[in-house]
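Heads up, the thing below is written out as structure tokens.
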Amino acid sequence: SIYNCNVIELPKIHNRAGNITPVNNYTDIPFHVKRVYYLYDVPGGETRGGHGHKQLHQVIIAASGSFDVMLDDGHIKKLVTLNRPNYALLIVPGIWRDLLNFSSGAVLLVLASETYDENDYLRDYNEFLEFKSGL
Ligand code: TYD
4 SIYNCNVIEL PKIHNRAGNI TPVNNYTDIP FHVKRVYYLY DVPGGETRGG
54 HGHKQLHQVI IAASGSFDVM LDDGHIKKLV TLNRPNYALL IVPGIWRDLL
104 NFSSGAVLLV LASETYDEND YLRDYNEFLE FKSGL
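Residue 138, in full-length UniProt numbering, is where the sequence shown stops; the numbers in between run on with no holes.
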């Protein structure tokens with residue numbers, strides 16, 4: 004549920020020459036990563052996302068810069084700001100998400116539990132609500 008879509012604090016290995024954040028399957032995040040992708044060069048004012056997933060688990064990280072994630076389970080909405088590279092937002096299946104307010108230079112890193120599958124997308128909001136009501 005949307006109550007499981009929480010921000011996870013990832014490890015940060017810090018020294019005077021900078022930071023490292025490792026992400027290990029099942030220990031730092033609650034699933035096994037099969038795919039990594041990243042979103043960048045988003046023009047000012049643009050919105051991305053605008054879909055849900057049937058099965059996919061994801062974590063979203065602001066590897067650089069900042070952006071907002073609006074989560075929506077069909078009833079409840081939750082706005083999360085990501086702006087530090089050692090925090091990850093977990094998004095479970097069945098959640099509509101909009102990505103907005105990208106800072107310039109923002110890099111949105113996604114770790115996903117499955118390879119790309121267009122059939123897993125709910126791209127129409129009414130189709131999303133129908134999917135939710137059938138669960
Ligand atoms: P989409 O997930 O809709 O982007 P966003 O949610 O960031 O707005 O994907 C945009 C396009 O990229 C769509 O045509 C599918 C393609 N795509 C892939 O081919 N592989 C992938 O792993 C992803 C995430 C998208």
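Where is the CB? At the ideal position from N, CA and C, for every residue including glycine.
With respect to the 9 Å criterion, A65 and P88 are classified as neighbours on the basis of their beta carbons. Here I5 is near I79, since their CB atoms are less than 9 Å apart. DSSP places L132 in the helix class (H, G or I) of the three-state scheme.
Rounded to whole angstroms, L138 and A109 show a C-alpha spacing of 35 Å.
Distance from the C-beta of E121 to the nearest heavy atom of the ligand TYD is below 8 Å. In this structure, H54 has its beta carbon less than 8 Å from a heavy atom of the ligand TYD. N22 and N7 have their C-alpha atoms roughly 28 Å apart.
The shortest CA-to-CA distance from S67 to any of R19, L112 and D31 is the one to L112. Relative to the ligand TYD, the beta carbon of V83 is positioned no closer than 8 Å to any heavy atom. Classified as exposed, L82 has fewer than 16 neighbouring CB atoms from the shown chains inside 10 Å of its CB.
Of E130, S136, Y128 and Y124, the smallest CA-CA separation from H56 is found for Y124.
No Cβ-Cβ contact shorter than 9 Å links E121 with Q58.
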